[in-house]
Amino acid sequence: MKVIMLGTGTSTGVPRINGDWGECDPNEPRNRRSRVSILVENKAGQRVLVDTSTDLRSQFLANGIDSLDGVFWTHDHADHCHGIDDLRSMRYGRSAPIPGFASKVTCQRLRMRFSYVFAGEHGYPTIVSLAELDRQRMHAGFGLDWVEMPHGPTQSTGFLFEADGKTIGYATDFSEITSEMIAVFKGIDILVCDCLRRDPHPTHAHLGMALQFKQRTKAKRMILTHMDKSMDYRSLCDEVPAGVIVGYDGLELEA
151 MKVIMLGTGT STGVPRINGD WGECDPNEPR NRRSRVSILV ENKAGQRVLV
201 DTSTDLRSQF LANGIDSLDG VFWTHDHADH CHGIDDLRSM RYGRSAPIPG
251 FASKVTCQRL RMRFSYVFAG EHGYPTIVSL AELDRQRMHA GFGLDWVEMP
301 HGPTQSTGFL FEADGKTIGY ATDFSEITSE MIAVFKGIDI LVCDCLRRDP
351 HPTHAHLGMA LQFKQRTKAK RMILTHMDKS MDYRSLCDEV PAGVIVGYDG
401 LELEA
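Sequential numbering from 151 applies to the sequence shown in our numbering.
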């Protein structure tokens with residue numbers, strides 16, 4: 151099983167639209183970050199996507215992604231879902247909509263904002279059949295677990311995928327480590343983790359919190375993601391301990 155880091159940037163990406171690289175060296179290609187999403191693939195070639203970032207089309211093209219077996223959403227913030235229309239191309243040639251899953255609240259908000267995706271419109275087919283996670287524990291050859299995580303005043307869903315005897319988890323957009331989060335991700339092979347910046351933030355994990363999360367879960371390896379313009383790739387690589395990988399767009403890692 152492997153994870154592909156489709157995007158590793160914060161909501162504005164790196165550089166920002168005005169060309170602001172902050173502390174990131176513009177000559178280091180791994181500092182160019184699109185908005186966050188990941189793809190998890192098992193040995194049978196089944197693929198699940200987590201979040202439809204606003205850069206989804208370019209991420210699919212850059213990584214040669216031309217098919218999906220499911221989509222999961224962490225929450226409804228724009229950088230995590232506003233690329234949803236690019237799933238239309240994944241619907242072509244399918245006999246049925248792409249299966250999609252999210253928490254009850256996220257499902258409600260996605261349906262309200264993108265009704266045509268989930269119900270079809272003007273003769274166009276339904277793109278995604280959206281279902282609440284509820285008691286879903288298997289999908290497309292993956293074992294599945296999840297946990298609701300504090301994200302400032304709201305919540306984000308963290309996911310664990312299991313296949314081929316390995317586990318890959320995704321925990322982005324959280325501002326506090328809970329006992330429920332520790333229980334779901336305990337002993338995981340790869341944990342992709344929110345790491346906005348070095349200084350604390352009211353709605354996101356910072357570097358110290360991410361490293362504490364790895365220690366408390368005893369994750370074998372951690373990939374840092376959702377990083378802003380203060381997080382220079384090479385500087386951060388020199389700073390993190392063994393077993394912690396600074397994520398970048400296009401990184402592939404096998405569990």
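For every residue, glycine included, the Cβ atom is placed at its ideal position computed from N, Cα and C. Note that the structure is predicted; figures quoted are calculated from it, not measured.
- Residue environment: Asn-181 is assigned as buried (16 or more neighbouring CB atoms within 10 Å of its CB, all protein chains considered).
- The C-beta distance from Leu-211 to Leu-199 rounds to 14 Å, too long to fall under 8 Å, and the pair is not in contact.
- In this structure, Asp-219 places its C-beta atom within 8 Å of the C-beta atom of Arg-197.
- Minimum Cα-Cα distance from Ala-281 among the listed residues Ala-392, Leu-237, Gly-293, Thr-256 corresponds to Thr-256.
- Gln-209 is classed as buried because its beta carbon has at least 16 other beta carbons within 10 Å across all chains shown.
- Contact between the region 372-389 and the region 338-356 is established, with three or more Cβ pairs separated by less than 8 Å.
- According to the DSSP secondary-structure assignment, Thr-317 is paired through a beta bridge with Glu-312.
- The alpha helix (DSSP H) runs of length 4 or more contained entirely in the region 167-249 are, from start to end of the chain, 206-213, 228-231, 238-241.
- Sorting Gly-169, Pro-179, Asp-175, His-376 by C-alpha distance to the C-alpha of Asp-229 places His-376 at the top.
- Residue environment: Arg-185 is assigned as buried (16 or more neighbouring CB atoms within 10 Å of its CB, all protein chains considered).
- In the displayed model, Leu-156 falls within a strand according to three-state DSSP.
- Pro-300 sits away from Glu-330, with the two beta carbons spaced by 8 Å or more.
- Put simply, the backbone Cα of Tyr-266 is about 46 Å away from that of Glu-389.
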